[in-house]
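Q:
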Amino acid sequence: MSLLEVKGISKRFGGLKAINDVSFAVKPGEVTFIVGPNGAGKTTLFNLITGVFHPDSGSIHFAGRDISHLTPNEAAQIGIGRTFQIVKPLRNLTVLENVMLGAFLRTSSRAKAEQEATKVLRFLEMEKIMHLPARGMGLPVLKRLEIARALATQPKLILLDEVVAGLPTSEAIKLAMLLKRLPEWGISTIGGIEHVMQVVMRVADRVIVLDHGTLIAEGEPKDVVHRPEVIEAYLGSKYKEIAL
Amino acid sequence: MKNWQALVAAVFLFAALFVPLLVPTDYILQILFRVFLFAALGLAWNLVGGYAGQLSLGHAAYFGVGAYGLALFSKLGISPWISVFFGIVLAVICAAMIGTISFRLRGPYFALCTIAFAEVLRLVAKNLPNVTGGDVGAQVPALFTHSATRSFYWAGVLLTAFAFALTAWIERSRFGYYLMAIREDQDTALSVGVNAARCKLWALLISAAITGFGGALYASMFLFIVPDQVLAMDISTEIAIVAMLGGAGTLLGPLLGSVILESSAEIFKTVFKEAHLLIYGVLIVVVVLFMPEGVVGTLTSKLGRFKKAPLAPFAAPAPVAAQEETSRAALNE
Numbered sequence: 009m010s011l012l013e014v015k016g017i018s019k020r021f022g023g024l025k026a027i028n029d030v031s032f033a034v035k036p037g038e039v040t041f042i043v044g045p046n047g048a049g050k051t052t053l054f055n056l057i058t059g060v061f062h063p064d065s066g067s068i069h070f071a072g073r074d075i076s077h078l079t080p081n082e083a084a085q086i087g088i089g090r091t092f093q094i095v096k097p098l099r100n101l102t103v104l105e106n107v108m109l110g111a112f113l114r115t116s117s118r119a120k121a122e123q124e125a126t127k128v129l130r131f132l133e134m135e136k137i138m139h140l141p142a143r144g145m146g147l148p149v150l151k152r153l154e155i156a157r158a159l160a161t162q163p164k165l166i167l168l169d170e171v172v173a174g175l176p177t178s179e180a181i182k183l184a185m186l187l188k189r190l191p192e193w194g195i196s197t198i199g200g201i202e203h204v205m206q207v208v209m210r211v212a213d214r215v216i217v218l219d220h221g222t223l224i225a226e227g228e229p230k231d232v233v234h235r236p237e238v239i240e241a242y243l244g245s246k247y248k249e250i251a252l
Numbered sequence: 331m332k333n334w335q336a337l338v339a340a341v342f343l344f345a346a347l348f349v350p351l352l353v354p355t356d357y358i359l360q361i362l363f364r365v366f367l368f369a370a371l372g373l374a375w376n377l378v379g380g381y382a383g384q385l386s387l388g389h390a391a392y393f394g395v396g397a398y399g400l401a402l403f404s405k406l407g408i409s410p411w412i413s414v415f416f417g418i419v420l421a422v423i424c425a426a427m428i429g430t431i432s433f434r435l436r437g438p439y440f441a442l443c444t445i446a447f448a449e450v451l452r453l454v455a456k457n458l459p460n461v462t463g464g465d466v467g468a469q470v471p472a473l474f475t476h477s478a479t480r481s482f483y484w485a486g487v488l489l490t491a492f493a494f495a496l497t498a499w500i501e502r503s504r505f506g507y508y509l510m511a512i513r514e515d516q517d518t519a520l521s522v523g524v525n526a527a528r529c530k531l532w533a534l535l536i537s538a539a540i541t542g543f544g545g546a547l548y549a550s551m552f553l554f555i556v557p558d559q560v561l562a563m564d565i566s567t568e569i570a571i572v573a574m575l576g577g578a579g580t581l582l583g584p585l586l587g588s589v590i591l592e593s594s595a596e597i598f599k600t601v602f603k604e605a606h607l608l609i610y611g612v613l614i615v616v617v618v619l620f621m622p623e624g625v626v627g628t629l630t631s632k633l634g635r636f637k638k639a640p641l642a643p644f645a646a647p648a649p650v651a652a653q654e655e656t657s658r659a660a661l662n663e
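Just so you know, the sequences run in chain order A and B.
All residue numbers in the first sequence are consecutive under my numbering, ending with 252.
All residue numbers in the second sequence are consecutive under my numbering, ending with 663.
And the structure:
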């Protein structure tokens, strides 16, 4: 039984086919990474799953329900959390209050929201900075803050767009080790990543490779990186033969 | 950090209770009525323009509808206070219609749309002489017959206290968090399940109700209104400037903004005579240039800067580092 099932979806923007007949499924508790060069359609795919855009054809099912035409806030309500590539915290609020914003989805009580937010912040090892204002925090903190806010909505599936982009490698790997523990919480993860393969190799159960909106490879991380079509997408056809 | 703002406002409102005892002149009380009226209007505007970040430049619409509501319903023979209530209901209905349409737009387009609606209402009021009296104006019944100036002063203080308490409560509630999230980034707000359209509309409805009541008070104080007075762009901008000068999106901002703007307007009028508008303009320019977040907003961010983030923000446990070494070794092979 799949948690998320994407069946043959396509999305056009004018003459550009951003997503072209993509199908895949995510099982509960699985960590899937979508990799692909800049412009491959990763963010578009995330936007389709979270209802920002609606597919021109094909369908998306979540927990057995057709979600192809949901709005973004409805997607959050049924348990799809997401983070954005560009971090946008509420700068005047503290780190804790930022995360409470997510927790308010499941409760209107301040105390309960605070409790849930604290739990998430502990998990992400951010309790030291909980009561400081979000303004002036560096990118590593803000990236984790994005994840914390999404986790506080208690999702069943979380989509992390370019989750380690711009982070120093040591911090990227630290964060990846934390993400690896998300299945303990019963949360499936779909990460989108351009090229930080160290993270993908460590965390992903499964990798999906997109290129120009088309799914070109799918499978376990260590198999996928050796496929000629993947190498071609990243390095150009010249390198395909060298790799083989 | 927010508590000091509530404290200052509480002290201020408490002090307001003794003013009629100390300064018995009607002139001072009239000015203070205006200060409190615009503080309340600024607080109401602040919910939409400050917390939710939707720059409304058409709040004269709700102000004017509240004012005309009182005038027109009482002309039908309904008692003044019930007419005030009907006026508020009418302002809220207007807000529902204006909000539903204009909230589809974002940023400057939203602001333009709100101006347009207020202007349409002003022109309608001007051109329906049979209903509104047109440019000739409409008579407004007195809400207070006994010691009127003093009573209006109290009504202004009460309305401000109410608007302030409501804002303080909203600021700490889920609704307040949602409004701030919409202001910072609507897409992020949607991603945590916020129904942005509904939240913005609720904020506008609450805001319109208070603004409509303020309009009725103002109208009743003058006993006579014309469209170019209560539905004018001047009212819209004055409400917005009061809140922005003090600090949009802060609890204390509109109150402080009204004290600064309304009292200085009056002082400049007596001190500088004909040049008062010039000085008034310079004051606004100075605040906008040097305190772009408003007086309260700039103060709080200056104070907040003293709190620095620690150099090592995360409490990294040992096992992760150990794991990292082994996995890095595995990768290098």
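A virtual CB, placed ideally from N, CA and C, is assigned to each residue, including glycine.
1. Going by beta carbon distance, what residues of the same chain come within less than 8 Å of LEU218(A), once the five residues before and after it are set aside?
2. Can you confirm whether the region 200 to 215 of chain A touches the region 141 to 154 of chain A when touching is taken to mean that 3 or more C-beta pairs between the two stretches lie within less than 8 Å?
3. Which residues of the region 486 to 519 of chain B have a Cβ closer than 9 Å to any Cβ of chain A? Give them in chain order.
4. Specify the secondary structure class of ASP356(B) as computed by DSSP and reduced to three states.
5. Report the neighbours of GLN85(A) on chain B: residues whose CB is nearer than 8 Å to its CB, in chain order.
6. Please tell me whether ASN100(A) has its Cβ less than 9 Å away from any Cβ of chain B.
7. According to DSSP, is VAL556(B) helix, strand or coil?
8. Quick one: is the Cβ of LYS405(B) within less than 8 Å of any heavy atom of the ligand FAD?
9. Using the three-state DSSP reduction, which class does GLN162(A) fall into: helix, strand or coil?
10. In chain B, which residues lie with their C-beta within 7 Å of the C-beta of PRO80(A)?
11. Quick check: what's the CA-CA separation for MET108(A) versus MET138(A)?
12. How would you call ALA651(B), buried or exposed, if buried means at least 16 neighbouring beta carbons within 10 angstroms?
13. In chain D, what lies closer than 7 Å to GLY110(A) by C-beta?
14. In terms of alpha-carbon separation, which member of PHE363(B), VAL378(B), ALA369(B) and GLN559(B) lies closest to ILE500(B)?
15. State yes or no: is the beta carbon of ALA336(B) nearer than 9 Å to at least one beta carbon in chain A?
16. Around the C-beta of ILE75(A), are 16 or more other C-beta atoms found within 10 angstroms, so that it is buried, or is it exposed?
17. Quick one: which chain B residues come within Cβ less than 7 Å of THR161(A)?
18. Does the distance from the CB of LEU496(B) to the CB of PHE543(B) come in under 9 Å?
19. Assign LEU167(A) to one of three DSSP states: helix, strand, or coil.
20. In this structure, what does DSSP give as the bridge partners for GLY199(A)?
21. What does the Cβ neighbour count give for PHE319(B), buried or exposed, with the cut at 16 atoms within 10 Å?
22. With burial defined as no fewer than 16 other Cβ atoms inside 10 Å of the residue's Cβ, what is the status of ILE88(A): buried or exposed?
23. With distances taken between CB atoms, is the gap from ALA339(B) to SER537(B) smaller than 9 Å?
24. Determine the DSSP secondary structure at PRO647(B), reduced to helix, strand or coil.
25. When you compare each of ALA160(A), LEU132(A), VAL232(A) and ALA158(A) to ARG189(A) by their alpha carbons, which one comes out closest?
26. So, do the region 167 to 176 of chain A and the region 86 to 103 of chain A have three or more beta carbon pairs nearer to each other than 8 Å?
A: Taking the structure as given:
1. Counting only residues of its own chain and dropping the five nearest sequence neighbours on each side, LEU218(A) has a CB closer than 8 Å to the CB of VAL30, ILE42, VAL43, GLY44, ALA48, GLY49, LYS50, LEU53 and ILE224.
2. No: the two stretches stay apart, fewer than three of their Cβ pairs being nearer than 8 Å.
3. So the close ones are ARG502, SER503, ARG504, PHE505, TYR507, TYR508, MET510, ALA511, ARG513, GLU514, ASP515, ASP517, THR518 and ALA519.
4. Of the three classes helix, strand and coil, the one that applies to ASP356(B) here is helix, per DSSP.
5. Per Cβ cutoff of 8 Å: GLY523.
6. It does; some Cβ of chain B falls within 9 Å.
7. For VAL556(B), the secondary structure class from DSSP, reduced to helix, strand or coil, is coil.
8. Among the components of this structure there are no ligands whatsoever, and the ligand FAD is therefore not found.
9. Looking at GLN162(A) - three-state DSSP - the assignment turns out to be coil, as it is neither helix nor strand.
10. Those within 7 Å of PRO80(A) in chain B are LEU520 and SER521.
11. Answer to the nearest angstrom: the Cα atoms are 11 Å apart.
12. Residue placement at ALA651(B) is flagged as unreliable, the pLDDT there being 44, under the threshold of 50; the coordinate-derived value follows with that caveat. Only exposed fits ALA651(B), as fewer than 16 other CB atoms lie within 10 angstroms of its CB.
13. Absent from the structure is chain D; the protein chains it does hold are A and B.
14. Among PHE363(B), VAL378(B), ALA369(B) and GLN559(B), the Cα nearest to that of ILE500(B) belongs to VAL378(B).
15. No, because no Cβ of chain A sits closer than 9 Å to the Cβ of ALA336(B).
16. It counts as buried.
17. Those within 7 Å of THR161(A) in chain B are VAL522 and GLY523.
18. No, they are not a contact pair.
19. Reduced to three states, the DSSP call for LEU167(A) is strand.
20. For GLY199(A), the pairing in a beta bridge is given by DSSP as PHE41(A) and LEU168(A).
21. Any question about residue 319(B) goes unanswered here, given that chain B covers just 331 to 663.
22. Residue environment analysis places ILE88(A) among the buried positions, since at least 16 neighbouring C-beta atoms fall within 10 angstroms of its C-beta.
23. No, the pair does not count as a contact, with Cβ atoms beyond the cut-off.
24. With a pLDDT of 46 at PRO647(B), under the threshold of 50, the modelled position of this residue cannot be trusted; read the value that follows with caution. Assigned with DSSP and collapsed to three states, PRO647(B) falls in coil, not helix or strand.
25. Looking at ALA160(A), LEU132(A), VAL232(A) and ALA158(A), the one whose alpha-carbon comes closest to that of ARG189(A) is LEU132(A).
26. Verdict: yes, contact present.
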